[in-house]
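S.K.:
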Amino acid sequence: MKVHNPVRKAAPRKWPIRPIAWTLGVLGVVALLWFVALPAYVRSEAVRAFAAKGVRAELPRPLVGLGTVHFASAKLRFDGQPWLRADLTDVEVALDGLTPKSLRAGDAQLFVEAPLSDVPEEPGPRSPIPISLPHASVRWTAPATDISQADVLELAVEIKTNGDIDAQKGKLSLATAKGPMGPWDLSYARTQETQTDRITVSLDGPRARWLRVRDPKQTMLHFTAEQSKAKTWGVPNLPGWMADAEPRIDATLTEVKGGATTGHLEVRVADVKVPELPRALDLAVLVNVSELPKKRSYRIDRGTLALGNIVGGLSGTIDGNLTALSADMVGTFRGVSCAAIAAAMAPNEGLRMLGGLAQTFGVDAGTFEADARIKVAAGVQPAFELTIRRACLPVRF
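In our numbering, the protein residues as written are 20 to 416.
(1) Note the first and the last residue of the continuous beta strand (DSSP E) segment covering residue 103.
(2) Terminal residues of the continuous beta strand (DSSP E) containing residue 203?
(3) So what does residue 328 bridge to, in DSSP terms?
(4) Is it right to say residue 309 is buried, meaning 16 or more other beta carbons lie within 10 angstroms of its own, or is it exposed?
(5) Quick one: measure Cβ to Cβ for residue 145 and residue 118, integer angstroms, because I've assumed they're closer than 8 Å.
(6) According to the Cβ coordinates, are residue 320 and residue 335 closer than 8 Å?
(7) Spell out the partners DSSP gives residue 94 in its beta bridges.
(8) Can you tell me whether residue 165 is helix, strand or coil according to DSSP?
(9) For residue 177, which beta-bridge partners are listed by DSSP?
(10) Can you name the start and end residues of the beta strand (DSSP E) that residue 135 belongs to?
(11) Measure from the alpha carbon of residue 187 to the alpha carbon of each residue in 194, 193, 195, 178, then state which is nearest.
(12) So, is residue 81 buried or exposed, given that buried needs 16 or more other C-beta atoms within 10 angstroms?
(13) Hey, residue 62 and residue 85 are a contact pair by Cβ (cut 8 Å); roughly how many whole angstroms apart?
(14) Verify whether the separation of the beta carbon atoms of residue 317 and residue 354 is less than 8 Å.
(15) Would you say the beta carbon of residue 239 is closer than 7 Å to some non-hydrogen atom of the ligand FMN?
(16) Does the separation of the CB atoms of residue 76 and residue 66 fall below 8 Å?
(17) Which residues does DSSP list as the beta-bridge partners of residue 303?
(18) What number of angstroms, rounded off, separates the C-alpha of residue 279 from the C-alpha of residue 114?
(19) Based on Cα-Cα distance, which residue from 270, 120, 133 lies nearest to residue 240?
(20) Can you grab the Cα-Cα spacing for the pair residue 218 / residue 99, in whole Å?
(21) Assuming contact is defined by CB atoms lying nearer than 8 Å, are residue 248 and residue 263 in contact in what I supplied?
(22) Residue 410 by DSSP, collapsed to three states: which one?
(23) Under the rule that 16 or more other beta-carbon atoms within 10 Å means buried, what is residue 408, buried or exposed?
(24) To the nearest angstrom, how far is it from the Cα of residue 130 to the Cα of residue 224?
(25) Suppose only complete runs of 3+ residues qualify. What are the beta strand (DSSP E) ranges in the region 210–278, listed by chain order?
(26) May I have the straight-line CA-CA distance separating residue 205 from residue 189, to the nearest angstrom?
(27) For residue 47, count neighbouring C-beta atoms within 10 Å of its own C-beta (all shown protein chains included) and say buried if the count is 16 or more, exposed if not.
(28) Spell out the partners DSSP gives residue 317 in its beta bridges.
(29) Apart from the five residues on each side of it in sequence, which residues of its chain come closer than 7 Å, Cβ to Cβ, to residue 351?
(30) Within its chain, find whatever has a CB closer than 6 Å to the CB of residue 232; leave out the 5 residues flanking it on each side and keep chain order.
(31) Assign residue 454 to one of three DSSP states: helix, strand, or coil.
(32) Does residue 158 come out as helix, strand or coil in the three-state DSSP assignment?
(33) Please report the residue range of the beta strand (DSSP E) in which residue 350 lies.
(34) In terms of DSSP beta bridges, what is residue 58 paired with?
(35) Could you compute how far the alpha carbon of residue 167 sits from the alpha carbon of residue 315?
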């Protein structure tokens, strides 16, 4: 007899509903804390931290990651400085726990809406964390009477907690009534330990450069140019003779804290044509200056004017203005040896040889006396007048 053994069906599996529900609940709470409560807390703490530094911050809800917080944007306003504001985008803050340890903004724009006289020379509070701004720009509206706007683009800025600032690769452009100026390469560095800051503006790379260095004792301005055509400098209204020349210039102004401004100027230009003279000569102007009561106006204390081998004294005034540099100078030549200058000044080869022989054998063919007047103003041809009081005899030229 056959016995059938029926197959027993397995009992349905019971899921651990309670532990799963507990786990989902915990995950829900964590998600709520991570995506809602924590971003709100981070945002409020960031606003509070900015406020403690005198900065009013407008921040959106951040995206919190592992060890980072990301703000899509940030608008900063500064107490006591209504003319200053900063707009940041793509802001990422690295965290150590919940404490910020560095900040990086993909794009940063700083707006300054005040004249230079309203901007304090002293730096603001130190940053509590390192700040990196690889693409920063500055727009300064009406910084000076002769400049309506200054723009700096593509600055790469690093700000350290000790107060040091390093800004490189900027492009500076100025808008003036005389026309646009620049763009020029710009860099800025501040060293907190020595309380020194340095601004470098390159008009033509290393060949033409303007430098300002300021420390607690003094401010120094230095401009140098060598083997650089002035028409490449991005400066409007240059006179034609200078635009095509390659002047050698070394100019320094030093302003002692609470004291007067003094300086030195050396300008050398090759082959300058003076109507009263038979041939082009190298021009050299070397002066020491001191500031007059009129701002940016300087008196020539000791000066030398050289036209080829003709060397005389120089006096007068120089008005320093970024867009309209001007000068009114008087040169006085007295008792200049004709033998020393005839070789360079004579209009033909025969007289040049005669002058050279006279100089070689120590024969003085007389003396040369003259007065020179030089007027220089931006945008116009310089006026050069030479009044000869005593010509060289017997060799006249």
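C-beta atoms are modelled at their ideal positions from N, C-alpha and C, and glycine is treated no differently. Please read these numbers as outputs of a predicted model, since none were measured by experiment.
M.R.: So, from the listed chains and residues:
(1) 100–115
(2) 198–210
(3) Residue 328 pairs with nothing; no bridge assigned.
(4) exposed
(5) About 17 Å separates the two Cβ atoms, so there is no contact after all.
(6) no
(7) 77, 106
(8) coil
(9) 151, 185
(10) Premise fails: residue 135 is in no beta strand (DSSP E) and is neither H nor E.
(11) 178
(12) buried
(13) No, residue 62 and residue 85 are not in contact; Cβ-Cβ is about 18 Å, not under 8 Å.
(14) no
(15) This structure simply doesn't include the ligand FMN, nor any ligand for that matter.
(16) yes
(17) 287, 325
(18) 50 Å
(19) 270
(20) 26 Å
(21) yes
(22) coil
(23) exposed
(24) 27 Å
(25) 215–221, 227–233, 237–244, 267–275
(26) 5 Å
(27) With a pLDDT of 43 at residue 47, under the threshold of 50, the predicted position of this residue should be treated as unreliable, and no value is reported.
(28) 310, 337
(29) 331, 332, 390
(30) 217, 239
(31) Summary: the structure shown does not reach residue 454, with the chain confined to residues 20 through 416, and so no result is reported for it.
(32) strand
(33) 345–356
(34) Partner(s): none; residue 58 has no beta bridge.
(35) 19 Å
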